[in-house]
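Just add 231 to wherever you are in the sequence shown, counting from 1, and you've got my numbering. All residues carry an ideal CB built from backbone N, CA and C; glycine is no exception.
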Amino acid sequence: MNNFGIGELDVAVIGAGQAGLSAAYHLRHAGLEPDRDFVVLDHAPRPGGAWQFRWPSLTYGKVHGMHSLPGMELTGADDSRPSSEVIGAYFEAYERRFGLRVHRPVEVSTVREGESGRLIVETSEGTYATRALINATGTWDRPFWPRYPGQETFRGRQLHTANYPGPEEFTGLRVVVVGGGASGTQHLIEIAEVATETYWVTRRPPVFREGPFGEEQGRAAVAMVEERVRRGLPPQSVVSVTGLPLNDAVRHAREQGVLDRLPMFERITPDGVVWPDGHAVEADVILWATGFRAAVDHLAPLRLREPGGGIRVEDTRAVRDPRVHLVGYGPSASTIGANRAGRAAVRSVTRLLAGVRA
232 MNNFGIGELD VAVIGAGQAG LSAAYHLRHA GLEPDRDFVV LDHAPRPGGA WQFRWPSLTY
292 GKVHGMHSLP GMELTGADDS RPSSEVIGAY FEAYERRFGL RVHRPVEVST VREGESGRLI
352 VETSEGTYAT RALINATGTW DRPFWPRYPG QETFRGRQLH TANYPGPEEF TGLRVVVVGG
412 GASGTQHLIE IAEVATETYW VTRRPPVFRE GPFGEEQGRA AVAMVEERVR RGLPPQSVVS
472 VTGLPLNDAV RHAREQGVLD RLPMFERITP DGVVWPDGHA VEADVILWAT GFRAAVDHLA
532 PLRLREPGGG IRVEDTRAVR DPRVHLVGYG PSASTIGANR AGRAAVRSVT RLLAGVRA
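Next comes the structure, spelled out in C-alpha cells:
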C-alpha cells in the first residue's frame, strides 16, 4: 500500500473462471504470493465463473469438453447433477487447495495508465497499481441482442440465453428460438418437449458435424479463430467454426422436425415475427440464443482496440500494451485453451517482471 492508499502489486488478475484460476495457479507456482504480489478479483458472488449462472437443465453430462484445471483433476462427478453445481463446487475446492484468496464480489470499473509504468485498476473495494494485468473476464456479462424492426412492440416475452431458466417456463407456449449455435439447439430440443409450437430461426443454414472431432480438427478450428484475433478483428467462438456435433439427441430432434430451420425473419410484430415474403407466425416468447461478446469495456481507457473492432493479441499479449494479457479471449475461450493461456500469460508476465526488477 502506498501513501495514497493504493495497493501496489506485481500482477492483477480480473476474473476467476477457468482462465483466471489457471493464471492464478501458475502465478503461485512462479513464486508469487496472493495478496502480496498478485490479487484475483471476481465480480461473481461465489466460485464457479460463468458456470454458476447456467440453467439447471444443463447437467454435467451434457457439457462438451470440460477440462480439469491445472494441478487438480475433476473426478467422480455425477452426470445428472446441474453443471453449475458440479463445476461451482470444483472451482471452490480448487481455490481452497491452492490458497488463491479470490476477492469477491468485486466490480472492476476501469483500468487506466498510472505512474512509473504501472496500470491503475479501479474497483469496488479500492484501487490497485499493478505492473501487469491478466484479464480473464470472458463473455457471459455481455450477451449479444440483435436489433430488428418492431422489437419494442412485441407483447410477449423476450429473453437471452444468459437468462434462460430451463424448459419448464415454456410449457404450452409458442416459442421462436433465434440462433444456430450449441446453446440454441440445446434450448430448442428441451423446449420442444413442453411447448405448443417451436420455430428455429438462424441467419445461416446450420452445419452439423459428422464423425469424431479429434485433436487435428481442434487445432484447425482454434487456428481460424486465432487468425481473426491476430488481425485485430472481434473473435468468433471456436464452436462457430467447428459446426454442431451430430449426437443422438440432435438426430432424434431432426427426425421429429424440431430442427427444421427457418431463415431470419424481417421484422417483429406485437404478436410474432414476419418474413420478407409476408409469411408470419404468432409467438408468446422470442428466445435469443445469439451468443456473447468479450467483456472488455473496463479496458477502454488503454485504447487497445484496433480499427477492425477487436483487440489484437499475439500469444496472450495485447499488441498495443504488452503489460496486458487476455486469457479466455478468442482462441483460448475453450476450457483447455483457457488452461494453456493462463500458463502462457504467466510465462510472459514473469519475463516482464524480471525486466522491471533488473
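key: Pair within 9 Å by beta-carbon distance, residue 370 and residue 571   = no
key: With 16 other Cβ atoms within 10 Å as the buried cut-off, status of residue 367   = buried
Residues bridged to residue 359 [DSSP beta-bridge criterion] = DSSP lists 238, 352 as partners of residue 359.
inquiry  = Only counting the same chain, and skipping five residues up and downstream in sequence, which positions put a Cβ closer than 6 Å to that of residue 263?
reply    = 269
inquiry  = Under DSSP, the alpha helix (DSSP H) around residue 579 begins and ends at which residues?
reply    = 566–588
key: Touching by the beta-carbon criterion (3+ pairs, under 8 Å), the stretch 389–403 and the stretch 300–315   = no
ask   = In three-state DSSP terms, what is residue 491?
value = coil
task = Leaving aside the five residues before and after residue 478 along the sequence, list all residues of the same chain whose C-beta is less than 7 Å from its C-beta, in chain order.
result = Excluding sequence neighbours, residue 478 sits near nothing in its chain.
message = Do residue 533 and residue 548 have their beta-carbon atoms positioned less than 9 Å apart in this structure?
response = no
ask   = What separation, rounded to the nearest whole angstrom, lies between the Cα atoms of residue 491 and residue 508?
value = 18 Å
query = How close, in whole Å, do the beta carbons of residue 502 and residue 406 come, if the pair is a contact with beta carbons under 8 Å?
reply = Actually they are not in contact, since the Cβ atoms of residue 502 and residue 406 sit about 14 Å apart, beyond 8 Å.
ask   = Among the residues of its own chain, which have a CB less than 7 Å from the CB of residue 535, if the five just before and after it don't count?
value = Closer than 7 Å at Cβ, skipping near neighbours: 542, 549, 551, 552, 555.
Contacting residues, own chain, Cβ-Cβ under 7 Å from residue 644 (five flanking each side not counted) = Summary: the structure shown does not reach residue 644, with the chain confined to residues 232 through 589, and so no result is reported for it.
Residue(s) in a DSSP beta bridge with residue 513 = 503
ask   = Would a C-beta distance cut-off of 9 Å place residue 430 and residue 414 closer than the cut-off?
value = no
Per-residue burial, residue 529 [other beta carbons within 10 Å of its own, 16 or more giving buried] = Under this definition residue 529 is a buried residue.
query = Where does residue 376 land, buried or exposed, given buried means 16+ other C-beta within 10 angstroms?
reply = exposed
ask   = Residues in its own chain within less than 7 Å of residue 520 by CB, not counting five upstream and five downstream?
value = 392, 408, 409, 410, 412, 414, 415, 418
message = Once DSSP output is grouped into helix, strand and coil, what is the label at residue 248?
response = coil
ask   = So, using beta-carbon positions, are residue 249 and residue 586 closer together than 9 Å?
value = no
inquiry  = When you compare the stretch 280–298 with the stretch 312–330, are there three or more beta-carbon pairs, one atom per stretch, that lie closer than 8 Å?
reply    = yes
query = When we look at the beta-carbon of residue 438 and count the other beta-carbons within 10 Å, is it buried (16 or more) or exposed?
reply = Under this definition residue 438 is an exposed residue.
inquiry  = Give me the residue from 463, 364, 342 with the minimum Cα distance to residue 538.
reply    = 463
task = Could you pull the start and end residues of the beta strand (DSSP E) that residue 429 belongs to?
result = Looking at the DSSP string, the run of the beta strand (DSSP E) that includes residue 429 is 428–433.
query = Leaving out the 5 sequence neighbours to the left and right, which residues in its chain are closer than 6 Å to residue 545 when beta-carbon positions are compared?
reply = none
Close-in-space but distant-in-sequence residues of the same chain around residue 289 (CB under 8 Å, 5 per side omitted) = 313, 314, 315, 417
query = What three-state label does DSSP hand residue 323 in the structure shown?
reply = helix
key: Beta-carbon separation (whole angstroms), residue 427 vs residue 403, contact threshold 8 Å   = Right, the Cβ-Cβ distance comes to about 6 Å (below 8 Å), so this counts as a contact.
In DSSP terms, what residue 439 is bridged to = Partner(s): 475.
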